[in-house]
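Presented below is the structure to which this report refers.
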Amino acid sequence: MEVTMKKNDKEITVYPKGRLDTLTAPQLEDMLKPEYEVVQKLIIDLSELEYISSAGLRVLLAARQKMEGKEGMIIKNVSEEVMDVFEITGFTDILDFE
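Going by my numbering, the residue at position 26 of the sequence shown is 18; the numbering climbs one at a time, nothing skipped.
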């Protein structure tokens, strides 16, 4: 998985590309950890994400919890295949999508 991050003052947009699974989820988690202290809004653009596993879902859930009390977290540009995973697991009721 390849991850690009773009910061704009107190907002960060994260662009994971490829597969967010057991092998790659720790990489995304490690990249996000230092950002929780400085950003107010987290945007996760999944336009280039091909697959997400339960490990990837866990990272997104943890990120949402870290952003509580701030401007929050938004997930956008989700492919149909990845959105199916969010719907089947009930994450569409937990996370904010745009």
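Note that beta-carbon positions come from the ideal geometry of N, C-alpha and C, so glycine has one too.
Quantities reported herein were computed from a predicted structural model and do not represent experimental measurements.
- Going by DSSP, E21 is part of the alpha helix (DSSP H) stretching over 17 to 24.
- In terms of Cβ geometry, I86 and I66 do not form a close pair [threshold 7 Å].
- By the neighbour-count criterion, in which 16 or more other beta carbons inside 10 Å mark a residue as buried, P26 falls on the exposed side.
- Using a 10 angstroms sphere on the CB of R56, the tally of other CB atoms reaches 16 or more, which defines it as buried.
- Excluding sequence positions up to five before and after T(-4), its CB lies within less than 6 Å of the CB of Y7, all in the same chain and listed in chain order.
- Its chain contains E(-6), E40 as the residues whose beta carbon lies nearer than 6 Å to that of K9, once the 5 sequence neighbours on both sides are disregarded; these appear in chain order.
- DSSP places M75 inside the alpha helix (DSSP H), whose first and last residues are 72 to 81.
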